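Under our numbering, think of the first position of the sequence shown as 45, with each following residue one higher. Think of the CB as a built atom: it goes at the ideal place given N, C-alpha and C, for glycine as much as any other residue. Keep in mind the model is a prediction, meaning the values are calculated, not measured. Comments concern the structure below.
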Amino acid sequence: MQRLLPPPTEALGSSQLNDAYRCPAPDQWRDGRWLRVNFVMSLDGAIVGSTGVSRTLGTDADRQVFRIAREQCDVVLVGAGTVRAEDYSPSPRPIAIASRQLDLPSTLRIFAERGPEHVRPMVMTTQAAIHAAPAWLHDQAELVACGDVTVRPRSMVDALTTRGLTRILCEGGPALFGDLLREDLVDELLLTISPLLVGATSPDHLVAIPGGLNPPARFTPIQVIEQDGTVLTRLRRH
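So, in C-alpha cells, the structure goes:
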C-alpha cells in the first residue's frame, strides 16, 4: 500500500507541475488522439457546490491544474448543460459544445462577449438541429453535424481529430462523460478531490450512464499530488 504515487521527493514548482500533466507522446495515443476528462469533486461526491456550479468546490491547487490542462489541450469539449450552468467565457482556445437540441441562449458569455481575439466556438450537434438553428447561432458558432437526429460521441471526437484538434480536454458534464465512457473514448481522468463536505442532495454524480457500465470502466492511478488538503489525481484507462 502506497501513500502517494509516485513517492514524494520535493515540492513541485510550476515547471515541474506542467511536466507532471503533459499528455503522453503521440505514439501512445489511440486512433491518433488523446482524450482526458477533468472534474472536481467534494468529499461527499458532489460535483457542484451550493451555488450549483463547480467553481465553488475549487481550490488554488485545482485552479492551477485546470489552467495547465487547458494550456496543454488543443480543444475543450463540454456539454451544453455545463456551458449554461457555468456560463462559459469566450476563449482564445477552441471550445466545442455538445448539444443535441441547441438550447444555447444568445446571452451566454461565450457568444455575447466574443471578440476578435477569441476563437469561434464549435457546436457539435445533429444535422436536423443545424437545419433548424437560428441565424444568430450560425453566425456565432461553427455548427458541426455529428449524427442525423442524435449526437454520436465517436463522430464528435472524430470531427475534432480531423480538424487537427487531437489533444481533447472534456470538462463535463456527467452525461457527456458517460457518453464518452460508453464508447470507450476516454483515455485519462484528472480528478480533483476538494477538501469540502457540501451536504448536498443534488442528483449530479461524476458520470451519468442510464443502467450503468457493464463491465465497469477501470482506471489506474499514475499520479497523486496533495496541496493544502486538495488531492489531485491522474488516472489512466486500464
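Outcome for residue i when other beta-carbon atoms lying within 10 angstroms are tallied against a minimum of 16
{"i": "Arg278", "result": "buried"}
{"i": "Ala113", "result": "buried"}
{"i": "Thr194", "result": "exposed"}
{"i": "Gln60", "result": "exposed"}
{"i": "Asn258", "result": "exposed"}
{"i": "Ser94", "result": "exposed"}
{"i": "Gln80", "result": "A small fix is needed here, since residue 80 is Arg in this sequence, not Gln. Buried, since its Cβ has 16 or more Cβ neighbours within 10 Å."}
{"i": "Glu54", "result": "exposed"}
{"i": "Asp216", "result": "Reading the sequence as shown, one finds Gly at residue 216 and not Asp. Buried, because 16 or more other Cβ atoms sit within 10 Å of the Cβ of Gly216."}
Coarse secondary structure for residue i, derived from DSSP in three states
{"i": "Thr277", "result": "strand"}
{"i": "Pro134", "result": "coil"}
{"i": "Arg198", "result": "helix"}
{"i": "Ala252", "result": "coil"}
{"i": "Arg211", "result": "strand"}
{"i": "Leu240", "result": "coil"}
{"i": "Pro265", "result": "strand"}
{"i": "Leu229", "result": "coil"}
{"i": "Leu146", "result": "coil"}
{"i": "Val193", "result": "coil"}
{"i": "Val167", "result": "strand"}
{"i": "Leu187", "result": "strand"}
{"i": "Ala219", "result": "helix"}
{"i": "Ala55", "result": "coil"}
{"i": "Leu257", "result": "coil"}
Host beta strand (DSSP E) of residue i (start-end)
{"i": "Asn62", "result": "Run containing Asn62: none in the beta strand (DSSP E); it sits in the alpha helix (DSSP H), Ser58 to Ala64."}
Range of the contiguous alpha helix (DSSP H) that encloses residue i
{"i": "Ala176", "result": "Gln171 to Ala176"}
{"i": "Ala156", "result": "Arg153 to Ala156"}
{"i": "Leu181", "result": "Ala179 to Gln184"}
Cα-Cα separation, residue i to residue j
{"i": "Pro138", "j": "Arg207", "result": "11 Å"}
{"i": "Thr205", "j": "Val122", "result": "16 Å"}
{"i": "Leu276", "j": "Tyr132", "result": "23 Å"}
{"i": "Pro149", "j": "Gln171", "result": "19 Å"}
{"i": "Thr274", "j": "Asp106", "result": "7 Å"}
{"i": "Asp118", "j": "Asp228", "result": "20 Å"}
{"i": "Gln271", "j": "Asp71", "result": "32 Å"}
{"i": "Val268", "j": "Arg280", "result": "12 Å"}
{"i": "Gln46", "j": "Thr264", "result": "For Gln46, the predicted model reports a pLDDT of 49, less than 50, meaning its position is unreliable; a value from the coordinates is still stated below. The alpha-carbon atoms of Gln46 and Thr264 are separated by roughly 14 Å."}
{"i": "Cys214", "j": "Val230", "result": "9 Å"}
{"i": "Asp223", "j": "Arg198", "result": "9 Å"}
{"i": "Val242", "j": "Val167", "result": "33 Å"}
{"i": "Ala261", "j": "Arg226", "result": "9 Å"}
{"i": "Gln184", "j": "Gly191", "result": "21 Å"}
{"i": "Arg66", "j": "Gln116", "result": "7 Å"}
{"i": "Gly159", "j": "Gly102", "result": "27 Å"}
{"i": "Arg153", "j": "Ala189", "result": "23 Å"}
{"i": "Ala173", "j": "Asp147", "result": "10 Å"}
Any C-beta of chain B under 8 Å from that of residue i
{"i": "Pro68", "result": "No chain B appears in the structure shown, which is made up of a single protein chain."}
Residue i beta carbon near the ligand NAP (any heavy atom closer than 7 Å)
{"i": "Phe263", "result": "As for the ligand NAP, it is missing from this structure, which has no ligand bound."}
Next item on the list: Could I get the ranges of all uninterrupted alpha helix (DSSP H) runs contained in the stretch 65 to 125, with 4 residues as the minimum, in chain order?
Entry: Correct list: 104 to 115.
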